[in-house]
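Numbering (this note's numbering), first residue to last: 31 to 102.
Glycine residues also receive a C-beta, built at the ideal position from the N, C-alpha and C atoms.
Structure, as structure tokens:
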Amino acid sequence: MRPLIAALFFFLLALPVRAEINKPSFDCYSRTLTAIQTLLCEDPVLGAWEGQLAVRAESAGAMARHQARPTI
Numbered sequence: 031m032r033p034l035i036a037a038l039f040f041f042l043l044a045l046p047v048r049a050e051i052n053k054p055s056f057d058c059y060s061r062t063l064t065a066i067q068t069l070l071c072e073d074p075v076l077g078a079w080e081g082q083l084a085v086r087a088e089s090a091g092a093m094a095r096h097q098a099r100p101t102i
């Protein structure tokens, strides 16, 4: 089962992502940013990667939830 999950993860990373996802997945104008979030907001490339990873992680989670439903 773990190899299947790993293969799915890498497959999702290879998929193209919508062009408008070129920013971090969180609010860069929040007053309570961690050091990592600040770094992601300051570097546009890292911020875009984080935003794309967040979209892919959400897609993978949705797929996993859908597949985990028991069939009757």
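In the structure shown, P54 falls within a coil segment according to DSSP collapsed to helix, strand and coil. A84 sits away from S60, with the two beta carbons spaced by 7 Å or more. G81 and I66 have their C-alpha atoms roughly 14 Å apart. One Cα belongs to C58, the other to H96, and the distance between them is close to 32 Å.
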